[in-house]
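Okay, so the sequence shown: first residue is 29 according to our numbering, each after it adds one. Backbone N, C-alpha and C fix where the C-beta goes; we use that ideal spot for every residue, glycine too. Below is one structure, written out as structure tokens; the observations come after it.
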Amino acid sequence: MSKENVAVIQGIYDAFANGDVAGVLSRRSPDIVWNEAENFPYADGNPYTGPEAVAQACSLAAAASGRASPL
Numbered sequence: 029m030s031k032e033n034v035a036v037i038q039g040i041y042d043a044f045a046n047g048d049v050a051g052v053l054s055r056r057s058p059d060i061v062w063n064e065a066e067n068f069p070y071a072d073g074n075p076y077t078g079p080e081a082v083a084q085a086c087s088l089a090a091a092a093s094g095r096a097s098p099l
């Protein structure tokens with residue numbers, strides 16, 4: 029893996045650890061397609077396309093679990 033790729037992944041992990049939702053999503057492709065697991069109760073929007081849709085999916089799951097933030 030290139031040093032550039034390692035830096036991108038490290039940035040995602042750092043943003044995730046700090047609860048930085050925008051930081052996590054900004055490091056994803058603008059045309060990201062996210063699929064929740066089959067039978068996951070909050071997967072009614074599968075597939076989620078784009079960073080905003082992914083953020084919405086994470087927010088739904090976080091709210092259902094009682095967490096204030098998806099990260």
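Mind checking which residues open and close the alpha helix (DSSP H) that includes Ala-32?
The residue asked about is misnamed: residue 32 is Glu in this sequence, not Ala. Unbroken alpha helix (DSSP H) run through Glu-32: 31–45.
Give a yes or no on contact between the segment 57–64 and the segment 79–88, applying the rule of three or more CB pairs nearer than 8 Å.
yes
Do you know offhand how far Ser-54's Cα is from Pro-69's?
26 Å
State yes or no: is the C-beta of Ala-65 within less than 7 Å of the C-beta of Val-52?
no
Give me the Cα-Cα distance between Asn-74 and Leu-88, rounded to the nearest whole angstrom.
13 Å
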